[in-house]
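In this note's numbering, the protein residues as written are 222 to 523.
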């Protein structure tokens, strides 16, 4: 007997609490050491998002044959000692910092607009952090609400004949941008590929290679949730739009009221559980913790 639509929606949304509770009952992962690759896994987290990050990292650890180095940045709601304790199970190299350190980095370079945007907007902090570490070397920014199913598709190789940075981003299924910034001659961003900054690979000085100053000055004064994503989308456009396809990094919302997964035949490396489907994150994370990855891609919706 089919469940009524409203009851199905209720179960799908409320089940998040059940799965999160069950995950909290599980001990910290016991994982064998793995070789490291020359890649920095970068993210920002806090008290609210740490449970997501734990599952994100566990899914990556068990899906990749070699692991990246970790750089975890506190958003100010959690201490570094708490982060060190929570991620003690990660066997590889890991470093921690506070977001203010990235603001200082940009101020020392005279990037006042970047610093002010970071001080006023949570995702401005994300942008400042990404820009800094991207200048140090190969960096993969990963939002906390991403789960990994297999190795990341091959990272872009630097063109030795070019001084341009490498920027690669995931695709979105719709345009989610800052309307005020779009009015700054950015109407081309309404055309696909639409950019989602849940997953971003950066190596090099993005600010030096892109014309973003006017957007950053606006962002320093007036910003919203999608401002950072709009700025990165414009940078990607200027540099030629290198993206991971939706078949590689999934980002969609059509299953937001599903009770079980319906991923049969999919070959995703990862899925971004952004706001409309975030309640599904812990359902799938629980299956991964139980070693049921194959089941995720076999089950059918009810």
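Backbone N, C-alpha and C define an ideal beta-carbon position, used for all residues, glycine too.
Cβ-based burial, residue i [other Cβ within 10 Å; buried from 16]
| i | result |
| --- | --- |
| residue 386 | buried |
| residue 485 | exposed |
| residue 409 | exposed |
| residue 392 | buried |
| residue 384 | exposed |
C-alpha distance - residue i paired with residue j, whole-angstrom precision
| i | j | result |
| --- | --- | --- |
| residue 414 | residue 465 | 10 Å |
| residue 502 | residue 290 | 24 Å |
| residue 460 | residue 515 | 37 Å |
| residue 370 | residue 468 | 13 Å |
| residue 333 | residue 340 | 11 Å |
| residue 285 | residue 430 | 32 Å |
| residue 237 | residue 395 | 25 Å |
| residue 368 | residue 436 | 31 Å |
| residue 518 | residue 245 | 24 Å |
| residue 493 | residue 358 | 24 Å |
| residue 362 | residue 270 | 15 Å |
| residue 441 | residue 411 | 23 Å |
| residue 458 | residue 247 | 43 Å |
| residue 446 | residue 487 | 30 Å |
| residue 499 | residue 328 | 35 Å |
| residue 377 | residue 416 | 17 Å |
| residue 250 | residue 231 | 31 Å |
| residue 318 | residue 282 | 22 Å |
Beta-carbon separation (whole angstroms), residue i vs residue j, contact threshold 8 Å
| i | j | result |
| --- | --- | --- |
| residue 444 | residue 342 | 5 Å |
| residue 324 | residue 336 | 5 Å |
| residue 347 | residue 265 | 6 Å |
| residue 510 | residue 279 | 7 Å |
Same chain, Cβ closer than 7 Å to residue i, neighbours up to 5 away in sequence not counted
| i | result |
| --- | --- |
| residue 433 | 452, 455, 456 |
| residue 303 | none |
| residue 427 | 352, 355, 386, 388, 456 |
| residue 418 | 390, 449, 450, 453 |
Proximal residues to residue i (C-beta, below 6 Å), its chain only, five neighbours per side dropped
| i | result |
| --- | --- |
| residue 267 | 296, 298, 299 |
| residue 397 | 447 |
Same chain, Cβ closer than 8 Å to residue i, five either side skipped, listed in chain order
| i | result |
| --- | --- |
| residue 287 | 255, 256, 257, 258 |
Minimum length 4: unbroken alpha helix (DSSP H) runs contained in the segment 401-435: 427-430
Ranges of the beta strand (DSSP E) found wholly within the segment 270-310, counting only runs of at least 3: 288-295
In chain order, each beta strand (DSSP E) run of at least 3 residues that lies wholly inside the segment 434-462: none
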